[in-house]
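Take any residue in the sequence shown, note its place counting from 1, add 760, and you have its number in the working numbering. All residues carry an ideal CB built from backbone N, CA and C; glycine is no exception. Computed from a predicted structure; not experimentally measured. Structure first, commentary second.
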Amino acid sequence: MTMKQDLATRSNEIHWPERFNPATADLFAHNELLINASCEKVWSHIVDASKWPQWYPNSRDVVLPEGTKVLGKDTTWRWSTFGLSIESKVNEYVPHARLGWYGYAPGTQPSFYHTWYLAPRGARCLVVTDEAGVGKDAAHLRETDETLLHRGHDLWLATLKWVCEGN
Numbered sequence: 761m762t763m764k765q766d767l768a769t770r771s772n773e774i775h776w777p778e779r780f781n782p783a784t785a786d787l788f789a790h791n792e793l794l795i796n797a798s799c800e801k802v803w804s805h806i807v808d809a810s811k812w813p814q815w816y817p818n819s820r821d822v823v824l825p826e827g828t829k830v831l832g833k834d835t836t837w838r839w840s841t842f843g844l845s846i847e848s849k850v851n852e853y854v855p856h857a858r859l860g861w862y863g864y865a866p867g868t869q870p871s872f873y874h875t876w877y878l879a880p881r882g883a884r885c886l887v888v889t890d891e892a893g894v895g896k897d898a899a900h901l902r903e904t905d906e907t908l909l910h911r912g913h914d915l916w917l918a919t920l921k922w923v924c925e926g927n
């Protein structure tokens with residue numbers, strides 16, 4: 761999907777830091793999927809970043825701070841995604857419901873903000889993941905491959921569904 765299509769379907773439930781408002785961002789992606797598992801189970805896989813590479817092929821080299829088992833409030837970690845080395849810091853953390861983190865090249869200002877919103881739907885969980893990027897790198901990605909972020913998140917949700925549903 762294009763950024764315009766993603767903006768039209770974005771979730772109003774997401775809490776955005778001011779600088780990362782999707783309406784003014786240089787790049788934005790919205791993805792959602794209903795998973796046949798509880799939000800607690802889905803959450804356990806999302807916050808267990810060290811295990812992402814086992815089920816999400818776009819995640820590599822996850823390094824959490826010493827003694828840290830899962831993502832939590834203010835956790836800063838390093839990892840590779842989309843072939844780039846990234847440092848991320850958790851900004852929003854509401855167990856089983858909301859997770860938001862900044863992403864940036866180590867030593868630079870945050871240029872991306874990635875969110876997860878989980879909502880129970882009976883015995884299932886609606887998972888929404890949105891990401892906004894600002895600055896020259898986000899603008900360049902929009903110009904060269906506008907749908908890359910959306911496709912990557914489609915893959916992340918599909919593999920999250922796979923691991924949560926016990927496949």
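Limits of the alpha helix (DSSP H) - the one that residue i falls within
i	result
residue 822	Careful: residue 822 lies outside any alpha helix (DSSP H), inside the beta strand (DSSP E) at 819-823.
residue 903	896-905
residue 925	Note, residue 925: premise wrong, no alpha helix (DSSP H); not H, not E.
residue 769	763-769
residue 803	799-807
C-alpha distance - residue i paired with residue j, whole-angstrom precision
i	j	result
residue 910	residue 832	25 angstroms
residue 810	residue 892	23 angstroms
residue 866	residue 796	36 angstroms
residue 790	residue 895	19 angstroms
residue 897	residue 920	27 angstroms
residue 899	residue 786	5 angstroms
residue 880	residue 801	11 angstroms
residue 857	residue 781	20 angstroms
residue 869	residue 883	40 angstroms
residue 871	residue 788	12 angstroms
residue 820	residue 901	20 angstroms
7 angstroms CB neighbourhood of residue i in its chain, flanking five on each side removed
i	result
residue 912	818, 842
residue 808	830
CB of residue i within 9 angstroms of CB of residue j, strictly
i	j	result
residue 778	residue 877	no
residue 792	residue 908	no
residue 864	residue 852	no
residue 903	residue 763	no
8 angstroms contact criterion, which residue i and residue j should meet: CB distance rounded
i	j	result
residue 803	residue 822	Between residue 822 and residue 803 the Cβ distance is about 17 angstroms, and since that is not below 8 angstroms, they are no contact.
residue 812	residue 922	Not a contact, Cβ separation roughly 13 angstroms.
residue 859	residue 850	7 angstroms
residue 805	residue 885	Going by Cβ atoms, the distance from residue 805 to residue 885 rounds to 11 angstroms, so no, they are not a contact pair.
residue 798	residue 890	Not really, about 22 angstroms apart at Cβ, beyond 8 angstroms.
N- and C-terminal bounds of the beta strand (DSSP E) containing residue i
i	result
residue 890	884-893
residue 812	Looking at the DSSP string, residue 812 is not in any beta strand (DSSP E); the run it does join, the alpha helix (DSSP H), is 812-815.
residue 876	872-881
residue 854	844-854
Contact set for residue i: own chain, Cβ-Cβ below 6 angstroms, skip 5 residues either direction
i	result
residue 888	771, 792, 877
Cut-off 8 angstroms between Cβ atoms - residues of its own chain near residue i, not counting five sequence neighbours on either side
i	result
residue 915	816, 817, 818
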